[in-house]
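Each residue of the sequence shown is one higher than the one before, starting from 208 at the first, in my numbering.
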Amino acid sequence: MGRRGRPPGAVTVDRVEEIDRRIVTLLARDGRMSFTDLARETGLSVSAVHQRVRRLEKRGVVRGYAALVDYDAIGLSLTAFVSIKPIDPAAADDAPERLAHLSAIEACHSVAGDESYILKVRVASPLALEELLNQIRSAANVSTRTTVVLSTPYEHRAPELVDPDTGKPDDPA
């Protein structure tokens, strides 16, 4: 038996090996990290890191890489969270589909509680937010409750990965 109570070489579908968790943590902190730098940080060869990253991508653990945008620099300085709930509770739950065409909606989260969804939106101004709220209400036949973001101390944080056996945070340093 291996150190985690499995035969050596055993593969589990739902678990990510310790070294792969480390690679995921490093990529979450810097998605542009080179295979050479990943190899240096993990103690693996460049080709081994390359194979592991490709396998993580294929399995859907790493779903993609994205640019972090300075929204103020592109004129979208107002961020808000818009909670929505249907005016008619018996109506079909299709708000995400009805709102998908509105590009100002950055994210749509299904939630528990009084509202059905919380939308993260980015717009240029309070007037643009008011116009967007009207579009949301009419497109999805929902009522809205809006919270305007004043500042964002942090965002896009790398996940704290936890060892599945101990329940304690991994130390990727």
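Here a beta-carbon is modelled for each residue, glycine too, at the ideal position from N, C-alpha and C. Remember, it's a predicted structure, so these values are computed and weren't measured experimentally.
Length of the line joining the Cα atoms of residue i and residue j
i       : j       : result
Ala-280 : Glu-304 : 29 Å
Ala-273 : Arg-259 : 20 Å
Gly-282 : Gly-250 : 43 Å
Arg-239 : Glu-313 : 23 Å
Pro-333 : Val-289 : 13 Å
Lys-375 : Glu-248 : 21 Å
Asp-227 : Ser-345 : 46 Å
Ser-241 : Asp-301 : 41 Å
Thr-243 : Asn-341 : 50 Å
His-363 : Pro-296 : 34 Å
Thr-373 : Glu-367 : 14 Å
Tyr-278 : His-308 : 20 Å
Close-in-space but distant-in-sequence residues of the same chain around residue i (CB under 8 Å, 5 per side omitted)
i       : result
Ala-246 : Ser-252, Val-253, Ala-255 and Val-256
Ile-294 : Asn-348, Val-349 and Ser-350
Leu-306 : Ile-312, Cys-315, Leu-326, Ile-343, Ala-346 and Ala-347
Asp-221 : Model confidence at Asp-221 stands at a pLDDT of 45, short of 50, so the residue's coordinates are unreliable and nothing is read from them.
Beta-carbon proximity list for residue i, same chain, < 6 Å, skipping 5 on both sides
i       : result
Val-355 : Ala-287
Ile-325 : Phe-288, Ser-290, His-316 and Val-318
Residue from the options whose Cα sits closest to the Cα of residue i
i       : options                               : result
Ala-298 : Val-349, Ile-325, Thr-373 and Gly-250 : Val-349
Ile-343 : Ile-291, Thr-249 and Gly-374          : Ile-291
Ala-365 : Leu-275, Thr-353 and Ser-345          : Leu-275
Leu-264 : Ala-302, Ile-230 and Ile-294          : Reading off the sequence, residue 264 comes out as Glu, not Leu. Residue Ile-230 is the option with its Cα nearest to Glu-264.
Arg-352 : Asp-300, Asp-227, Lys-327 and Arg-261 : Lys-327
Strand pairing of residue i, partner residues [DSSP]
i       : result
Ser-290 : Ile-325 and Arg-352
Ile-312 : Val-328
Val-369 : Pro-376
Ser-317 : Tyr-324
Leu-285 : Val-330
Same chain, Cβ closer than 7 Å to residue i, five either side skipped, listed in chain order
i       : result
Val-330 : Leu-283, Leu-285, Ala-311, Leu-336 and Leu-339
CB contact below 8 Å: residue i versus chain D
i       : result
Thr-232 : Included in the structure is just one protein chain, with no chain D present.
Practice task
Say whether the segment 316-328 touches the segment 357-364, bearing in mind that this needs 3 or more beta-carbon pairs closer than 8 Å, one atom from each stretch.
Solution key: no
Exercise for the section: Say whether the segment 226-243 touches the segment 266-274, bearing in mind that this needs 3 or more beta-carbon pairs closer than 8 Å, one atom from each stretch. Expected result: yes
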